[in-house]
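Remarks on the structure that follows.
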């Protein structure tokens with residue numbers, strides 16, 4: 037489940053015997069997205085979500101809507117199977133980009149707090165180089181299917 041305000045994945049938490057989904061908007065993220073109005077923490081009760089979801093499922097699978105629902109599921113399944121999957125390298129590059137953005141936000145905050153601009157500029161340049169390198173990895177097209185999945189790499193029979 038994702039937060040509708042920031043798009044981040046919400047984490048489950050049990051509070052007083054009830055399950056809630058929680059989105060915590062940290063100061064670092066607030067620095068990255070200054071125009072976003074987001075409370076420090078958003079809680080969403082799971083039982084309320086499940087009630088609405090149950091009603092939606094009951095309508096979608098009602099006898100008069102069943103053919104349309106099956107057709108929609110078939111199309112969604114076909115689209116998902118042809119969609120580009122994320123390789124471990126791409127996931128790592130995305131994570132590196134996020135980390136670089138966090139670093140850049142911290143460095144900007146350090147500048148705002150009066151840190152030495154010459155030192156912080158070096159940090160910023162390093163973080164930007166790391167971010168650019170990760171973005172290049174993310175943008176690079178895969179040349180062979182085995183690059184996406186190491187388990188699919190051909191092996192030399194002599195190795196066995």
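In our numbering, the protein residues as written are 37 to 196. Glycine is no exception: its CB is placed at the ideal position from the N, C-alpha and C atoms. No experiment lies behind these values; they were computed from the predicted model shown.
In whole angstroms, what is the alpha-carbon distance linking residue i and residue j?
{"i": "residue 184", "j": "residue 158", "result": "Because the pLDDT at residue 184 is just 48, under 50, the model does not fix this residue reliably, and the point stays unresolved."}
{"i": "residue 46", "j": "residue 81", "result": "12 Å"}
{"i": "residue 124", "j": "residue 44", "result": "20 Å"}
{"i": "residue 97", "j": "residue 105", "result": "7 Å"}
{"i": "residue 101", "j": "residue 118", "result": "26 Å"}
Alpha helix (DSSP H) containing residue i: first to last residue?
{"i": "residue 70", "result": "No alpha helix (DSSP H) contains residue 70, which DSSP labels as neither H nor E."}
{"i": "residue 103", "result": "102 to 118"}
{"i": "residue 147", "result": "124 to 148"}
{"i": "residue 96", "result": "82 to 96"}
{"i": "residue 174", "result": "153 to 175"}
Closest to residue i by C-alpha separation, out of the options, would be which residue?
{"i": "residue 39", "options": "52, 68, 67 and 72", "result": "72"}
{"i": "residue 65", "options": "41, 141 and 126", "result": "141"}
{"i": "residue 173", "options": "95, 60, 111 and 130", "result": "130"}
How should residue i be labelled, buried or exposed, when 16 other C-beta atoms within 10 angstroms of its C-beta is the threshold for buried?
{"i": "residue 69", "result": "exposed"}
{"i": "residue 62", "result": "exposed"}
May I ask you to list the residues that DSSP assigns as paired with residue i?
{"i": "residue 49", "result": "56"}
{"i": "residue 38", "result": "45"}
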